[in-house]
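>
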Amino acid sequence: MKRLLCAVLPMVLAAQVAEAAESLRFGVTLSSTMPDAKFQGERLVGGIMYDLGQALSIQLAMKVSFVTLPWKRVDSAVRAGKADLLCELIPQWTVSPDEYVWSGPLFDLSDVIFAHETTPEPKTIADMPVDSTIGGVLGYHYPALDPFFSNGRYTREDAVTQQSVILKLAAGRTKYGISDALVLSWYKRINPNHHLSGWQLVISRVGSQCGVPLKGKVPPEKIINALQELKRNGSIEKILNNYR
């Protein structure tokens, strides 16, 4: 019996190590909000990123664990090999895009300017009144607006999450806000008595991607192939439709 245990134990331990190595660490930023991510404390419990993780778990036949990260620590976490996947990114938003293998566009991501329902609709960014305060998310880049912030035409006021941007505007603390269109649509959906503008001024539209860090533990091609299959078979679109 001792010999049998001695023979079996190393195999069990080896299997456990292999299983741990085959766990996909999905990085999600704490600045994300619904419908992208729902947190309990710092634990991801719902939203688009959670659903995408579950779909990947099935597609890869692999356990998925979520790693929550402050936005400003994403690049350092990637360099330290602490995540195997990050989504809702494009190469230009990272310090070192060549440290990732990129999925290519998976769905559209739009940033829009919005305001209170009584605020007239601007046709362009320059149509907004001089000295207007515009709410954004701390650490986020808004190339279309940067020249206006730099020359002092508009003032940027940051919040920690996109939902906080919306709430600050609703409370009258900012005249305009910047939000992902899907996040803004979700807020209006769950708050039907909102007093936000019906108009939205699109300031950027990109094909949202997932980035697979080269220093991750899971082979990049394995994750990329799974993501492409989820796009091809309509799984990603189905997830998005649940929140539209």
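In this note's numbering, the protein residues as written are -14 to 229. Quick reminder that beta carbons are idealized off the backbone N, C-alpha and C, glycines included. Keep in mind it's a predicted model, so treat the numbers as computed, not measured.
#1: So ILE221 and SER88 are supposed to be a Cβ contact under 8 Å. How far apart are they, rounded?
#2: Hey, quick one: how far does the alpha helix (DSSP H) through SER149 stretch, first residue to last?
#3: Between which residues of its own chain and VAL13 is the CB-CB distance below 6 Å, once the five residues before and five after are set aside?
#4: Any contact of the region 91 to 107 with the region 170 to 177, i.e. 3+ C-beta pairs under 8 Å?
#5: Spatial neighbours of ALA100 within its chain, please: C-beta separation below 6 Å, excluding the five flanking residues on both sides.
#6: Cβ of CYS72 within 7 Å of any heavy atom in the ligand COA?
#7: Roughly how many angstroms lie between the CA atoms of ASN227 and GLY137, to the nearest whole one?
#8: Under a three-way DSSP split, which group does SER42 fall into?
#9: What's the C-alpha gap between LEU71 and LYS48?
#10: Exposed or buried, ASP93, counting other C-beta atoms within 10 Å across all chains shown (16 or more means buried)?
#11: For GLN213 and PRO90, I'd like the C-alpha separation in whole angstroms.
#12: If you drop the 5 nearest sequence neighbours on each side, which residues of the same chain put their C-beta closer than 8 Å to that of GLY66?
So, from the listed chains and residues:
#1: By a beta-carbon distance limit of 8 Å, ILE221 does not contact SER88. Their separation comes to about 10 Å.
#2: That run of the alpha helix (DSSP H) goes 147 to 155.
#3: Here the set comprises ALA22, LEU29, MET34, PHE51, THR53.
#4: They do not touch, by the three-pair rule.
#5: Only TYR161, SER182 meet the Cβ criterion.
#6: What this structure holds is no ligand at all, so the ligand COA is not there to describe.
#7: Approximately 40 Å between the Cα atoms of the pair.
#8: Here SER42 sits in helix by DSSP.
#9: So the two alpha carbons sit approximately 16 Å from each other.
#10: Counting of Cβ neighbours within 10 angstroms places ASP93 among the exposed residues, the total staying below 16.
#11: Between the alpha carbons of GLN213 and PRO90 lies a distance of about 10 Å.
#12: By the criterion of a C-beta distance shorter than 8 Å, GLY66 is surrounded in its chain by PRO198, LYS200, GLY201, LYS202, once the five residues flanking it on both sides are discounted.
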